[in-house]
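Here is the structure we will look at.
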Amino acid sequence: MDFKLSKEQRDIVRAAKEFAEGEFPQRAQEFDREESFDPDLHRKACELGFVGVFIDEQYDGAGLGFFEHCLIVEEFWAVDPGISQAIISTTFGSELIQLFGSQEQKATYLPRLVAGEAVMGTAITEPDAGSDPAGATTTAVLDGDHWVINGQKMFTTNGTVADFLLVFCQTQPENPDRHSRHSFILVETDRPGYNANKLKGKLGIRASDTAEVAFSDLRVPAANLVGIEGEGFKQLNSFFNRTRLHICAQACGLARACLADSIAHTKERRQFGRPLASFQATQFKIAEMATHLRAARNLYYEAAWLVDQGKVDHGLIAMAKWYAAQMAVQAADEAVQMHGGYGYMDEYRVQRLYRDAKILEIYEGAKEIEKTIVARSLLG
Amino acid sequence: MDILVLVKNVPEAAQADLEITDDGSAVDTDDLVFAINEWDNYAVEEAVRLKEAHGGTVTLLTLGDCEAEDVLRRGLAMGGNRAVHICDDDLEAGEPAAVVEAMAKVLAGESFDLILAGVQSSDMGHGQSAVLLAQRLGLPHATMAVGLAIDGDQVEVVRELEANTSERVRLPLPAVITVQSGINQPRYVSIMGIRKVRKIAVELHELEDLDLAATEAGASLVSRRKLFMPQAGQGAEILTGSLEEVCDQAAAIIREKGGLA
């Protein structure tokens, strides 16, 4: 057992940190306040190779693992979650194409994501189907050599900025097994019948685009089906077993930012004639935050490392995701507490981190769903 | 154009709470994060730009412990071609004359058109290694470059002087030049650059194998007597009270000292 990162992994961490620290802080508050983003930052990150490192070399990726992707995500989130999400989410769904897509789909779509020439997203959640994705009712019906798609998706990341989406559709609504009714279909967003509306007023990660999306008799070629028809739900679980690792990395990055700001503030801020950091009440908070962060990181390191070894442990990944997200929410809460009134103001980063943190317990598997998965892995 | 860049792995001390070791001989670096010396980063960037403009190679050289290899790989990822590591723990904060002697031994038989280094290192701040190396190799040198242009077999250097003045000097190549921060905007390290480093083996020299005579490396001409934190200054007066009271007191003091009519 060796807990050290390789030299190359250390170099990746350092490079990601330098880029994020050099580019994000001066724009973070503006994007958060205005719910906006500058695509130039995405372009720069792609030029430096930070986007889609897990994509195979034959499709212009770095051919690295999900673990290395996590290392980059953690460094980015340790500077600013919103900007990081706007940049990194541009490949959200490429995991599905890489796992289940045809050669032609991989060759057509993956290189454009790595180059920063395209942005993608994956539309799963619907107004009435969130934690129960098998309840999704967006339909795709074969009409000759085209799928005709109708329905509505909710909270779709990159809905208004994506060049293409993977859409989780019912293709066999009559199948008695509700987990065999769905398929992923690739939809180019410039097709007639596509409509996306940017959702304003998110609590956090406000630099990242989230939209409600509607499909109205939208036609795509039959070849846009990803993988085998009817296996969408199974594919979705495989997808989440990768992307949930990214959430863990996001959580650890966010908690690191909370810890760093809390240490700096409590050493500087004096009350009763002494720095806040000299009070045991503060020391315990800092100690707990650092310990929980380390535990969360070790948990996801193991889960991510196993995936790159070809061993996908559904229960362990769910454990890591639930624990890391909860850890980050608690870290942000304590960070604001240690900052007192200042922490309530958006001039202080911890205020933004507090708002950014909550989504970690919601997206890509609410914590209750993660615990259900863990329990199932133990109880059967 | 073949360029050599001297680089150093230094602790990031600007934001850190430094502590002196119990025996008073060194800064305790156990909890410090190490990174490339800021000035050296500009030197690497300048070298890579010159290579991109004129062709040739960039070789990186460092002397330090095994962790110091990090700064070599970083330079390779930025565009360097070759890296040489003189590995030793003791000389890490050593006297520049000894460092340069070790470098000269390793460089024997090699030739470069240009040798670049940062003006100084952010840890010990001697600002001597590159200049001493020029002396040792019998090469002309210029310090504190904020501009640098190759012109045939010469290099023209803009040196930064005090009070916003500059000096333009010409040197025949080969030459040694120390680079001031701000000469360029160093690039970020890319994932592509990092992956390229996989294919490059760092050339490793153990200091003890260099057979340096005691007079060259062992016996330093300068010995460190004590490392210490300066005492907090006396004479600061902390004003207390409400904002209005503090302002009144401050105004009274300024008036008393003749600052207000």
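Chain order of the listed sequences is A and B.
For the first sequence, counting from 1, position 114 maps to 560 in this note's numbering; every step adds exactly one.
For the second sequence, counting from 1, position 127 maps to 879 in this note's numbering; every step adds exactly one.
Where a beta carbon is used, it is the ideal one built from N, C-alpha and C, also for glycine.
Check whether residue i and residue j have beta carbons under 8 Å apart
i	j	result
V858 of chain B	K760 of chain B	no
T394 of chain A	N596 of chain A	Chain A is shown only over 447 to 826; residue 394 of chain A falls outside these bounds and no answer can be derived.
E955 of chain B	H837 of chain B	yes
H692 of chain A	H488 of chain A	no
L828 of chain B	I755 of chain B	no
I902 of chain B	H806 of chain B	yes
A508 of chain A	G528 of chain A	no
G676 of chain A	T635 of chain A	no
A425 of chain A	H628 of chain A	Any property of residue 425 of chain A remains undetermined from this structure, which presents chain A solely from 447 to 826.
E521 of chain A	A466 of chain A	yes
L891 of chain B	A927 of chain B	yes
L866 of chain B	M981 of chain B	no
L848 of chain A	A764 of chain A	Outside the displayed span of chain A (447 to 826) sits residue 848 of chain A, for which this structure offers no information.
A697 of chain A	A750 of chain A	no
L752 of chain A	A770 of chain A	no
V974 of chain B	R826 of chain B	no
A854 of chain B	I952 of chain B	no
V785 of chain B	D875 of chain B	no
Range of the contiguous beta strand (DSSP E) that encloses residue i
i	result
I755 of chain B	754-758
A569 of chain A	566-569
P763 of chain B	761-763
I990 of chain B	Careful: I990 of chain B lies outside any beta strand (DSSP E) and carries neither H nor E.
K599 of chain A	592-603
I838 of chain B	834-839
G899 of chain B	893-903
Span of the alpha helix (DSSP H) around residue i
i	result
I674 of chain A	Careful: I674 of chain A lies outside any alpha helix (DSSP H) and carries neither H nor E.
N589 of chain A	Reading the sequence as shown, one finds Asp at residue 589 of chain A and not Asn. No alpha helix (DSSP H) holds D589 of chain A; the beta strand (DSSP E) holding it covers 585-589.
L979 of chain B	Where L979 of chain B is concerned, there is no enclosing alpha helix (DSSP H), given that its DSSP letter is neither H nor E.
M784 of chain A	760-785
D822 of chain B	821-830
I518 of chain A	512-523
A580 of chain A	Per DSSP, A580 of chain A belongs to no alpha helix (DSSP H) and is neither H nor E.
D402 of chain A	Residue 402 of chain A lies beyond the range of chain A shown here (447 to 826); nothing can be said about it.
L472 of chain A	Reading the sequence as shown, one finds Gln at residue 472 of chain A and not Leu. It spans 471-480 - the alpha helix (DSSP H) in which Q472 of chain A sits, taken as one unbroken run.
P527 of chain A	527-534
Inter-residue Cα distance where the pair is residue i and residue j
i	j	result
G650 of chain A	D792 of chain A	12 Å
E734 of chain A	C694 of chain A	18 Å
V782 of chain A	V796 of chain A	6 Å
R473 of chain A	L799 of chain A	15 Å
K817 of chain A	K948 of chain B	42 Å
A821 of chain A	A524 of chain A	31 Å
E810 of chain A	D754 of chain A	20 Å
F661 of chain A	L645 of chain A	17 Å
N604 of chain A	L762 of chain A	29 Å
E819 of chain B	R456 of chain A	11 Å
H711 of chain A	F679 of chain A	46 Å
G590 of chain A	P622 of chain A	25 Å
E658 of chain A	R652 of chain A	15 Å
N833 of chain B	L812 of chain B	8 Å
R1007 of chain B	E997 of chain B	15 Å
R688 of chain A	L722 of chain A	40 Å
K813 of chain A	K767 of chain A	8 Å
R913 of chain B	T895 of chain B	Arg is not the amino acid found at residue 913 of chain B; the sequence shown has Leu there. Cα to Cα, L913 of chain B sits roughly 10 Å from T895 of chain B.
R976 of chain B	A882 of chain B	21 Å
Option in the options with minimal Cα separation from residue i
i	options	result
Q430 of chain A	A:S530, A:A532, A:G511	What the structure shows of chain A is the stretch from 447 to 826, and residue 430 of chain A is not part of that stretch, so it cannot be assessed.
Y505 of chain A	A:K552, A:E520, A:F465, A:Q475	A:K552
G781 of chain B	B:E797, B:E764, B:D775, B:I788	Gly is not the amino acid found at residue 781 of chain B; the sequence shown has Thr there. Nearest C-alpha to T781 of chain B: B:E764.
E503 of chain A	B:E847, B:I1005, B:S881, B:M944	B:M944
V909 of chain B	B:A897, B:Q767, B:R834	B:A897
G870 of chain B	B:Q932, B:H893, B:L991, B:R950	B:Q932
D840 of chain B	B:N833, B:K1009, B:L959	B:L959
A532 of chain A	A:G567, A:F513, A:V499	A:G567
Y794 of chain A	A:R558, A:Q717, A:A703	A:A703
E790 of chain B	B:C999, B:R976, B:M855, B:G877	B:G877
A766 of chain B	B:L900, B:D774, B:S873, B:D817	B:S873
L542 of chain A	A:H785, A:E780, A:N683, A:F449	A:N683
Near the ligand NAD: residue i beta-carbon under 7 Å from a heavy atom
i	result
D841 of chain B	You won't find the ligand NAD in this model; it holds no ligand whatsoever.
Along the region 483-496 of chain A, where does the CB come closer than 9 Å to a CB of chain B? Name the residues.
K490, E493, L494, G495, F496
Closer than 7 Å, Cβ to Cβ, to anything on chain A: give me those residues from the region 932-943 of chain B, in chain order.
Y940, V941, S942, I943
Interface residues of the region 677-711 of chain A facing chain B [CB-CB below 7 Å]:
Cβ contacts with chain B come from no residue of the region 677-711 of chain A.
Return the residues of the region 828-844 of chain B that lie within a Cβ-Cβ distance of less than 8 Å from chain A, sorted by chain order.
A829
Any C-beta of chain B within less than 9 Å: which residues of the region 545-571 of chain A qualify?
none
Which residues, in chain order, does the region 949-960 of chain B contribute to contact with chain A at a C-beta distance below 8 Å?
Those would be V949, R950, in chain order.
Which residues, in order along the region 521-543 of chain A, keep a beta-carbon less than 9 Å from a beta-carbon of chain B?
none
Against chain B, which members of the region 450-463 of chain A pass a CB distance test of less than 8 Å?
Cβ contacts with chain B: K453, E454, R456, D457, I458, R460, A461.
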